[in-house]
Amino acid sequence: MKGTKLICAALSGMLLAALAVPCSADETHAAETYEGDGFTLSYQLEDAGAAVVGCSSDAVNVTVPDTLGGKPVTSVEESAFNSCGAIETVTLPDSVTLIGDGAFFGCTTLKSVTLPKSLTKIGYQAFYYCADLESINLPESMQSIGDQAFLACLKLTTVTLPASLTSLGDYVFEGCEGLTEIRVDPENQIYCDLDGVLFNEDMTQLIKYPDQHAGDSYTLPDSTTAIANWSFTGAKNLVSLDLNKATEIGKDAFYICTALEQITIPEGVTVLPGTTFGGCIALKQVQLPDSLTELGDYCFVNCPELKDITIPGSVSTIGNYALGFTLDTETKTTAKVDGFTIHTRVGTAAASYAKENDIHYEKQGAKTGLVLVIAGGVLLLAGAVILAIRLRGDKQNNAPEAATDAAKEQETPDAPEKE
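Here this note's numbering is used: the first residue of the sequence shown is 490, the next is one more, and so on.
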């Protein structure tokens, strides 16, 4: 439930903005109507054919005829069905080649769409938040799918991308909470899948890990160096993840991975963008590489189980609320994570961040980079316990050297610079 609320909050701005956009049919052509069985279609006649531009709001089951006004139906235009609050099934004729932007936007009761064999393009947000849509059969003619086309189709379980597809927009399957796999026709020259996880053709970039993909652990292939924006967002089953040889991580890449407990960022990664691990409510352990230079805004926001983190001195930029904060997505208010500690060296960006945000931090030695704690004569260096016991009356020949070495070993590292 928390994950659903968070993803809905992240998407609600786009949803409201899009709902505010009226139907944008070509106003230079007068709309005509067609009376079907329990529905009314609005359409316009164009040179190439007829374009469906609207449908009655009480429509439940719609079959678009082959022709309207004596011309073949060639497109379903922008926002054509987005006022249909009760619609459940739609069948389109084989003459349709285009489904326009937002054509079925917010049709939350839509369960089934029969797509034509001639369809080549699905536009931006065409099936956005069709919450009851359970399956979609993309025809072999399909060439292009726009940004967010199937975003928040909550019941969609499987998708197969045809060999003909050459362009897949951003965030196409984000928020598809029931999606278990994304398959790609082996003949496709642009994309491929490995066990239902979507990659580019040469598997150098992971594009989308389905929200309900089976298994609680995953290791990236050796060939994969880039992780796309939102690629693991909402992956509910992942407890552990091996990023292997990845060196580039996109924005929101692991947002709301609610079961993820630990992560090691590989050497070579330089930037963790905004909200990379936002909402990872089970995350407890994070290891960052010395190559890292930047943490984006809200990078680890809403990670209440992450109580401490070591920030390497290489990090020179830390964004707003990147560490040690929770964010209420409804009120937009922030609060500190109880008991959160930053381990870092004096004079670093992390030390400044801790001071500016009144977050507890433990200083590290400027040279060794190890947290120094001295208590009761026991020296703790990076978890290794060295118990130095001075034996009285040691008459061995090397006693002076040993005593000197022991004293040197217990010296406190260079005094920290004044903050």
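Each residue gets a CB set at the ideal place from its N, CA and C atoms; glycine is no exception.
From a predicted model like this one, the values you see are computed outputs, not experimental measurements.
Sequence-distant residues of its chain with Cβ nearer than 7 angstroms to residue i (five each side left out)
i    : result
T708 : D731 and N733
N921 : No information on residue 921 is available, as it lies outside the stretch 490 to 908 that the chain covers here.
A540 : Y532, Q533, T563, S564 and E566
7 angstroms Cβ cutoff met for residue i and residue j
i    : j    : result
T578 : N550 : yes
I625 : G658 : no
L668 : P699 : yes
L784 : P801 : no
A838 : I807 : yes
A735 : I752 : no
Assigned secondary structure, residue i (DSSP; H/G/I helix, E/B strand, else coil)
i    : result
K844 : helix
A540 : strand
A824 : strand
A839 : helix
H702 : coil
T563 : strand
K852 : strand
D817 : strand
A520 : coil
F594 : coil
Buried/exposed call for residue i, threshold 16 Cβ in 10 Å
i    : result
P605 : buried
I821 : With the sequence shown as reference, residue 821 is identified as Lys, and Ile is not the correct amino acid for it. K821 is exposed by the Cβ-count criterion.
H702 : buried
P511 : Summary for P511: the model assigns pLDDT 38, below 50, so the residue's position carries little reliability, and this model does not support an answer.
A548 : buried
Q614 : buried
E663 : buried
P762 : buried
Closest Cα partner of residue i within the set the options
i    : options                   : result
T609 : F593, F616, D583 and F688 : D583
P793 : G739, K740, G828 and D682 : G828
S706 : A652, Q694, K725 and I696 : K725
T722 : L683, L640, L795 and K773 : L640
A638 : N677, P628, G595 and P675 : G595
V585 : E524, Q853, T759 and A537 : A537
A575 : A569, L557 and S545       : S545
E567 : A811, G591, C573 and N809 : G591
Q632 : N677, I716 and T753       : N677
F814 : T823, T806 and I807       : T823
G520 : G527, D526 and E535       : The residue asked about is misnamed: residue 520 is Ala in this sequence, not Gly. Selected option, being the one with the closest Cα: E535.
I848 : Q774, A838, G836 and K825 : K825
A569 : E524, F616, T837 and K560 : F616
Cβ shell of residue i (< 8 angstroms), same chain only, five flanking positions each side left out
i    : result
Y680 : L650, L654, L657, V673, L687, F688, N689, E690 and I696
Close Cβ partners of residue i (< 6 angstroms) along its chain, the five nearest in sequence each way excluded
i    : result
D779 : P801 and S803
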